[in-house]
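One gets my numbering by counting positions in the sequence shown from 1 and adding 1 to each.
Glycine is no exception: its CB is placed at the ideal position from the N, C-alpha and C atoms.
Remember, predicted model here, so these are calculated numbers, not experimental data.
Reading through the structure tokens given below for one structure.
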Amino acid sequence: MIQLIYLSHATRPMTQAALIELLTQARERNLSEEITGLLLYGKGKFLQILEGNARSVNAIYECIVKDNRNYGHVLIQIKSIEERRFSRWAMGFRNLSEQPIDLDLGYIDFFEQDLPEALVLMNHKEIESLLVACKESL
């Protein structure tokens, strides 16, 4: 089993209806493929964590990369895991535009438009912690 985390840019700002459509599609596919995870959307960016068997997670990520609703993918982390951290979530979701996260002042805003890719990659553990914190606050 693996866990994959990526960051991407929305091609255009996502409306509530577009986000609902995206989530409906993701949840249906994730249930059929036994994928779990969480999707965050804010400031025109997506941050997502996917968990499941390697073949299914990689296939879904390939589809995401080809999806014209987003671009500029940064694969932050891919690792083997013994157990899921998001076992109850076919696809949890939080729109950070509507529900900002209350975090310490030292927090790096991974949704900033001009954040260097190297800085994102260096902070993969903090990004994983951010996703877990969002899960726990839902």
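Going by alpha carbons, who is nearest to residue 40 out of 130, 13, 98 and 94?
-> Out of 130, 13, 98 and 94, 94 has the C-alpha closest to the C-alpha of residue 40.
Name the residue from 132, 29 and 13 whose alpha carbon lies nearest to the alpha carbon of residue 61.
-> Residue 29 is the option with its Cα nearest to residue 61.
Nearest neighbour of residue 49, chosen from 77, 34 and 35 [CA to CA] = Of the candidates 77, 34 and 35, 77 places its Cα closest to the Cα of residue 49.
Cut-off 7 Å between Cβ atoms - residues of its own chain near residue 82, not counting five sequence neighbours on either side = Excluding sequence neighbours, residue 82 sits near 2, 3, 4 and 52.
Could you check where the alpha helix (DSSP H) with residue 25 kicks off and where it finishes?
-> Element bounds for residue 25: 17-34.
To which residues does DSSP link residue 12 through a beta bridge?
-> Paired residues: none, contrary to the question.
Report buried or exposed for residue 66, applying the criterion of at least 16 other Cβ atoms within 10 angstroms of its Cβ.
-> By the neighbour-count criterion, in which 16 or more other beta carbons inside 10 Å mark a residue as buried, residue 66 falls on the exposed side.
With burial defined as no fewer than 16 other Cβ atoms inside 10 Å of the residue's Cβ, what is the status of residue 12: buried or exposed?
-> By the C-beta density criterion, residue 12 is exposed, having fewer than 16 other C-beta atoms within 10 angstroms.
Opening and closing residue of the alpha helix (DSSP H) in which residue 59 lies | Start and end: 55-67.
Starting from residue 46, follow its DSSP beta bridges and name the residues at the other end.
-> Answer is 10 and 43, bridged to residue 46.
Can you tell me where the beta strand (DSSP E) with residue 95 in it begins and where it stops?
-> Residue range 93-96 is occupied by the beta strand (DSSP E) that includes residue 95.
Sequence-distant residues of its chain with Cβ nearer than 6 Å to residue 132 (five each side left out) | Taken in chain order, the residues that qualify are 39 and 50.
Extent of the continuous beta strand (DSSP E) run through residue 79 | First-last of the beta strand (DSSP E) with residue 79: 71-81.
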